[in-house]
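Trainee: Chains as they are written, first to last, in our numbering: chain A, 511 to 623; chain B, 511 to 623. Okay, here's the structure, questions in a sec.
Number of protein chains: 2
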Amino acid sequence: MHVRDTESTRQGRDCLEKFSVGETASLTRVVTAQDVEAFARVSGDDNPVHLDEAYAASTRFKKRIAHGMLTASYISALLGSRFPGRGTIYLKQELAFLRPVYLGDTIEVRATV
Amino acid sequence: MHVRDTESTRQGRDCLEKFSVGETASLTRVVTAQDVEAFARVSGDDNPVHLDEAYAASTRFKKRIAHGMLTASYISALLGSRFPGRGTIYLKQELAFLRPVYLGDTIEVRATV
Chain A
511 MHVRDTESTR
521 QGRDCLEKFS
531 VGETASLTRV
541 VTAQDVEAFA
551 RVSGDDNPVH
561 LDEAYAASTR
571 FKKRIAHGML
581 TASYISALLG
591 SRFPGRGTIY
601 LKQELAFLRP
611 VYLGDTIEVR
621 ATV
Chain B
511 MHVRDTESTR
521 QGRDCLEKFS
531 VGETASLTRV
541 VTAQDVEAFA
551 RVSGDDNPVH
561 LDEAYAASTR
571 FKKRIAHGML
581 TASYISALLG
591 SRFPGRGTIY
601 LKQELAFLRP
611 VYLGDTIEVR
621 ATV
């Protein structure tokens with residue numbers, strides 16, 4: 511898995527007062543085949559559109575796609591380990607999977623106060 | 511990872527007409543330390559509340575908890591690989607993380623038409 515911080519801010523804050531409106535952070539990842547295969551194992555989601563190139567070729571996507579929840583987990587990574595970071599527990603998430611994510615695609619997740 | 515089907519129905523359906531209102535399916539899993547550690551690697555979410563027993567003991571949770579997105583991924587597993595199964599692509603998800611999930615807890619996810 512490739513992780514690159516594109517922006518980050520002070521970590522480990524545990525009080526809302528330490529944040530400013532408009533403050534933002536992001537992280538960028540490249541989705542690898544290994545990530546998709548590991549996610550299939552840990553989630554149990556072995557949908558062949560994620561794992562089987564021949565099957566995926568027969569779908570509208572034409573190629574294997576990442577699990578939506580894998581890309582969603584990057585949001586968790588940003589919030590839980592970087593911004594706000596340590597101590598963050600998040601309680602709610604709305605997700606809309608708008609476009610397919612292919613292996614090798616670069617995903618940026620961004621959080622803004 | 512432990513997976514046990516508690517209910518399942520015909521798989522591989524690709525037309526809405528093949529489903530009946532009220533039809534339901536579920537799967538049950540036990541969340542293991544190995545799952546949480548693998549999820550941390552694949553997501554990049556290394557929040558110590560998930561990985562560090564001593565740190566977790568200092569939090570309101572008292573023990574390590576699973577990533578919310580790990581348990582959410584079981585929904586993806588149910589939809590994508592069992593019910594409706596093969597061919598299912600899901601587009602939207604609202605999540606509310608109501609209670610902590612501890613290592614060793616059993617999680618049941620259920621889908622109802």
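Note that CB positions come from ideal geometry on N, CA and C, so glycine has one too. If you're wondering where the values come from, they're calculated on a predicted model, not measured in any experiment.
#1: Shortest alpha-carbon distance to residue 578 of chain B belongs to which of B:552, B:572 and B:605?
#2: Tell me which residues share the same chain as residue 582 of chain A and place their Cβ nearer than 6 Å to its Cβ, disregarding the 5 neighbours each side in the sequence.
#3: Pull the bridge partners of residue 618 of chain A from the DSSP assignment, please.
#4: Do you know offhand how far residue 533 of chain B's Cα is from residue 622 of chain B's?
#5: Please state the DSSP three-state secondary structure of residue 585 of chain B.
#6: Which residue wins for smallest C-alpha separation from residue 614 of chain B, given the options B:575, B:556 and B:594?
#7: Return the CA-CA distance between residue 543 of chain A and residue 561 of chain B, expressed in angstroms with no decimal places.
#8: Against chain A, does residue 605 of chain B count as a neighbour if the rule is that its beta carbon must be under 8 Å from one of theirs?
#9: Within 10 angstroms of its Cβ, does residue 586 of chain B collect 16 or more other Cβ (buried), or is it exposed?
#10: For residue 612 of chain B, go through chain A and note every residue whose CB falls closer than 9 Å to its CB, in chain order.
#11: Count the other CB atoms within 10 Å of the CB of residue 589 of chain A; is the residue buried (16 or more) or exposed (fewer)?
#12: Exposed or buried, what is residue 601 of chain B when buried is set at 16 or more other beta-carbons lying within 10 Å of its beta-carbon?
#13: Of the choices B:563, B:550, B:584 and B:559, whose alpha-carbon is the least far from that of residue 620 of chain B?
#14: If distances are taken between C-alpha atoms only, which option among A:553, A:566 and A:530 comes closest to residue 546 of chain B?
#15: State the beta-bridge partners of residue 612 of chain A as determined by DSSP.
#16: Less than 7 Å between C-beta atoms, sequence neighbours within five positions excluded: which residues of the same chain meet that for residue 530 of chain A?
#17: Classify residue 551 of chain A as buried or exposed, calling it buried when 16 or more other Cβ atoms lie within 10 Å of its own Cβ.
#18: Identify whether residue 547 of chain A lies in helix, strand or coil by the three-state DSSP scheme.
#19: Starting from residue 485 of chain A, trace the alpha helix (DSSP H) in both directions and tell me its first and last residue.
#20: Taking the beta strand (DSSP E) that residue 604 of chain B belongs to, which residues open and close that run?
#21: What residue from A:595, A:569 and A:573 has the CA that sits closest to residue 528 of chain A's CA?
#22: Is there a C-beta anywhere in chain C that falls below 8 Å from the one on residue 543 of chain A?
Mentor: With the given structure in hand:
#1: Here the question's residue 578 of chain B lines up with position 68 in the second sequence. Ranking the options by Cα distance to residue 578 of chain B, first place goes to B:605.
#2: Residue numbering aside, residue 582 of chain A sits at position 72 when the first sequence is read from its first letter. The answer, listed in chain order, is 605.
#3: As a working note, residue 618 of chain A is residue 108 in the first sequence. Under DSSP, residue 618 of chain A takes part in a beta bridge, and its partners are A:538.
#4: The residue given as residue 533 of chain B occupies position 23 in the second sequence. The residue given as residue 622 of chain B occupies position 112 in the second sequence. Looking at the two C-alpha atoms, the distance is approximately 6 Å.
#5: Taking the first residue of the second sequence as 1, we reach residue 585 of chain B at position 75. Of the three classes helix, strand and coil, the one that applies to residue 585 of chain B here is helix, per DSSP.
#6: Mapped onto the second sequence, residue 614 of chain B falls at position 104. Selected option, being the one with the closest Cα: B:575.
#7: Your numbering for residue 543 of chain A matches position 33 in the first sequence. Your numbering for residue 561 of chain B matches position 51 in the second sequence. Residue 543 of chain A and residue 561 of chain B have their alpha carbons spaced roughly 25 Å apart.
#8: Counted from its first residue, the second sequence places residue 605 of chain B at position 95. Interface residue, yes.
#9: Within the second sequence, residue 586 of chain B is the residue found at index 76, counting from 1. In summary, residue 586 of chain B is buried, with 16 or more beta-carbon neighbours lying within 10 Å of its beta-carbon over all protein chains present.
#10: As a first step, residue 612 of chain B must be located in the second sequence, where it is residue number 102. What residue 612 of chain B touches in chain A: nothing, since even the nearest Cβ is about 14 Å away.
#11: Taking the first residue of the first sequence as position 1, residue 589 of chain A is located at position 79. Here residue 589 of chain A is buried: its Cβ has 16 or more other Cβ atoms, across all protein chains shown, within 10 Å.
#12: Here the question's residue 601 of chain B lines up with position 91 in the second sequence. Under the 10 Å beta carbon count, residue 601 of chain B is surrounded by fewer than 16 other beta carbons and is classified as exposed.
#13: Along the second sequence, one-based indexing puts residue 620 of chain B at 110. Out of B:563, B:550, B:584 and B:559, B:584 has the C-alpha closest to the C-alpha of residue 620 of chain B.
#14: The residue given as residue 546 of chain B occupies position 36 in the second sequence. It is A:553.
#15: As a working note, residue 612 of chain A is residue 102 in the first sequence. DSSP, once it has assigned bridges, lists A:575 as partnering residue 612 of chain A.
#16: Mapped onto the first sequence, residue 530 of chain A falls at position 20. Closer than 7 Å at Cβ, skipping near neighbours: 623.
#17: Reading the first sequence from its first residue, position 41 is the one you call residue 551 of chain A. Classification for residue 551 of chain A: exposed.
#18: Here residue 547 of chain A refers to the residue found at position 37 of the first sequence. Residue state, collapsed to three classes: helix.
#19: Limits of chain A in this structure are 511 at one end and 623 at the other, which puts residue 485 of chain A out of reach.
#20: As a position in the second sequence, residue 604 of chain B is number 94, starting the count at 1. 602-606 is the span of the beta strand (DSSP E), which, as asked, contains residue 604 of chain B.
#21: Your numbering for residue 528 of chain A matches position 18 in the first sequence. The candidate whose alpha carbon is nearest that of residue 528 of chain A is A:595.
#22: Checking the listed chains, one finds no chain C in this structure; the protein chains it contains are A and B.
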